[in-house]
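Numbering (the UniProt record's numbering), first residue to last: 1 to 203.
From the three backbone atoms N, C-alpha and C, an ideal C-beta is built for every residue, glycine too.
Just so it is clear, the structure is predicted and the values come from calculations on it, not from any experiment.
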């Protein structure tokens, strides 16, 4: 019985022992970074001072680089060691940007302020902004490319739209839709601050 109990204790100890750590697989990361920079194996080999055969083995995960080799590779690729060894993050299903992540454009002499709500990858196709005009302020624009239209909804105060030789006044809650492929302007005729949602659709 004692022998059996001792065997169980030995088995439990073995089960509790942590598994040996597996070195990170960095080959795919190095190959991706090299391809992004349009470097050949020869190019990176020369830049990092690492033999082409060793670099090929590292990229195929046949070998893991030493810290010294990894340091030379990261220098040649323009990244840090942390970036090389970090695991790639899964894409976010829902991305949340805080207030400080939203860029703001300010006009000359404080004539207007634009908060850029649209993502940068849609710029030039579909853009939306929060436009703030102080009393007497204005956003005056040159013609955009042919077919471009703007849609403006007043959220606070009143605004005046000038486009295609027409002028219309908008109150809080009104929406104007107008061509933006000719010179146009959005003005605040009042004394208080006015705000609006501005959407620009390029064709």
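Starting from residue i and walking both ways along the alpha helix (DSSP H), at which residues does that stretch end?
i	result
residue 69	67-77
residue 57	52-59
residue 30	27-36
What do you reckon, are the CB atoms on residue i and residue j nearer than 7 Å?
i	j	result
residue 25	residue 48	no
residue 153	residue 180	no
residue 190	residue 137	no
residue 139	residue 129	no
residue 41	residue 55	yes
residue 162	residue 169	no
residue 196	residue 131	yes
On the DSSP letters alone, give me the boundaries of the beta strand (DSSP E) that residue i sits inside.
i	result
residue 115	113-116
residue 106	104-106
residue 197	194-201
residue 176	175-179
Given a threshold of 16 other Cβ atoms within 10 Å of its Cβ, counted over all protein chains shown, does residue i qualify as buried or as exposed?
i	result
residue 74	buried
residue 167	exposed
residue 1	In this prediction, residue 1 has a pLDDT of 49, which is less than 50 and means its spatial position is unreliable; nothing more can be read from the coordinates.
Give me the Cα-Cα distance between residue i and residue j, rounded to the nearest whole angstrom.
i	j	result
residue 57	residue 63	6 Å
residue 164	residue 186	13 Å
residue 43	residue 201	43 Å
residue 194	residue 133	5 Å
residue 31	residue 184	50 Å
residue 29	residue 61	10 Å
residue 66	residue 36	23 Å
residue 203	residue 182	14 Å
task = Determine, using beta-carbon pairs with one atom in the region 99-112 and one in the region 156-176, whether at least three such pairs fall under 8 Å.
result = no
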